[in-house]
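Colleague:
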Amino acid sequence: MKRQWVFGGFVLSLSLLFGGCASLTTPKPDPTRFYVLEPLDKGAPAPDAIYCKGVHLGVGRVELPGYLDTQKIVKFKANNEVFISEFNRWAEPLPGACERVLAANIALLTGVESIETFPWVNPSSHDFEVHTEIQSFQANADNVVMLEVIWRITGARGKEVYHVEISTYAKPSDGSYPGIVSAMSAAWAEYSESVARGLVQAARKKLEQMQREAMAEKEVEKDDAVIEAFEEQVDVSPKAAESSPSLKEASSGLD
């Protein structure tokens, strides 16, 4: 009887041992979910987008506050408490995602000749550059995605500033992470539309400036041609001027 009890206990111990090992080796499903910002799939061109024909654009680095510069999705709770999700993440670094989607949206809305995202290979070839500094970009305690951004449009290497603006966008969500990401994509799309309008204005301003400079240059060339024609008709050399008081006076007027 004692021997049977010992044997039964031994079998039970082995069952528990191997059962525990089996539970340790069985992989658990990974609860982590990955998300991306979505670009516009369609959209009406910005008004007067024809001015962007032939434009070469550089999309600069998108700057983020430190608390957002993470692949974990961030949201605000009450009293400005920050919640960083461990299992809901971006599939790519958020700055790069913002740059990629901004470039795609602007291309759709303006039809520019080319767009180069940061890092740039040949910045001197840019007609314009877009510089973006995000102040906030997350869902708040009411599940509304708030995007606040300082942005500017400049010439190549930031030498000439064409447009500077502080913009705020609000998009409601259902509070789920897919809903929050969708609202963030919508807010970024609206920002892209603002940039597209600013780019059209900058391109128009630059074109008008070039036209004014060309007209001024033509006026100078016209004046030079008149003077040259006058000099061909009248000998205004020093010797001729000395011999003729009228020529001397005309020559003095040209000096």
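Using this note's numbering, the letters of the sequence shown correspond one by one to residues -13 to 241. All C-beta atoms, glycine included, are put in the ideal place defined by N, C-alpha and C. Owing to the predicted nature of the structure, the values given are computational and were not obtained by experimental measurement.
Should S162 go down as buried or exposed, given a rule of 16 or more other Cβ atoms within 10 Å for buried?
Modeller: Exposed is the call here.
Colleague: Could you tell me the alpha carbon to alpha carbon distance between I101 and D160, rounded to whole angstroms?
Modeller: Approximately 34 Å between the Cα atoms of the pair.
Colleague: With a CB to CB cut of under 6 Å and the five nearest residues on each side skipped, what residues in its chain are close to V143?
Modeller: Residue identity differs from the one stated: residue 143 is Arg in this sequence, not Val. Closer than 6 Å at the Cβ level, and outside the excluded window around R143, lie P109.
Colleague: Report yes or no: do the stretch 29 to 42 and the stretch 170 to 185 share at least 3 C-beta pairs separated by less than 8 Å?
Modeller: Yes, they touch.
Colleague: Pull up the distance between the alpha-carbon of K157 and that of A202, whole angstroms please.
Modeller: Computed Cα separation, rounded: 49 Å.
Colleague: Using 10 angstroms around the beta-carbon of V124, count the other beta-carbons present and answer buried if the total reaches 16, otherwise exposed.
Modeller: Contrary to the premise, residue 124 reads as Gln rather than Val in this sequence. By the neighbour-count rule (16 or more Cβ atoms within 10 Å), Q124 is buried.
Colleague: On the criterion of 16 or more Cβ atoms from any shown chain inside 10 Å, does N74 qualify as buried, or is it exposed?
Modeller: So N74 ends up on the buried side.
Colleague: Out of curiosity, what's the CA-to-CA distance linking A77 and V167?
Modeller: Straight-line Cα distance between these residues: approximately 12 Å.
Colleague: Give the straight-line distance between the Cα atoms of K58 and V135, rounded to the nearest whole angstrom.
Modeller: Those two C-alpha atoms are separated by around 20 Å.
Colleague: Are the CB atoms of P265 and L50 nearer to each other than 8 Å?
Modeller: Since the first residue shown for the chain is -13 and the last is 241, residue 265 is missing from the structure and cannot be characterised.
Colleague: Would you say the beta carbon of N108 is closer than 7 Å to some non-hydrogen atom of the ligand NAP?
Modeller: For the ligand NAP, the structure offers nothing, since it holds no ligand at all.
Colleague: Taking all protein chains shown into account, decide if I92 is buried (16 or more other Cβ within 10 angstroms of its Cβ) or exposed.
Modeller: Flag for I92 reads buried.
Colleague: Relative to the C-alpha of V107, which residue among G46, K191, D55 is closest?
Modeller: Comparing Cα positions, the closest option is G46.
Colleague: Output needed for G141: all residues of its chain with C-beta closer than 6 Å, excluding positions within five of it in sequence on either side, in chain order.
Modeller: So the list is empty, once near-sequence residues are dropped.
Colleague: Taking the beta strand (DSSP E) that I70 falls in, what are its first and last residues?
Modeller: Per DSSP, I70 belongs to the beta strand (DSSP E) from 68 to 76.
Colleague: For the putative contact between V48 and F114, defined by C-beta atoms under 8 Å, what is the C-beta separation to the nearest angstrom?
Modeller: 16 Å between Cβ atoms; not a contact.
Colleague: Does K63 come out as helix, strand or coil in the three-state DSSP assignment?
Modeller: If DSSP states are grouped into helix, strand and coil, K63 belongs with coil.
Colleague: Could you give the distance in angstroms between the alpha-carbon of E24 and the alpha-carbon of S178?
Modeller: If you take the alpha carbons of E24 and S178, they lie about 12 Å apart.
Colleague: Using alpha carbons as the reference points, say which of D55, V22, V68 lies closest to R86.
Modeller: Checked all of D55, V22, V68; the closest Cα to R86 is V22.
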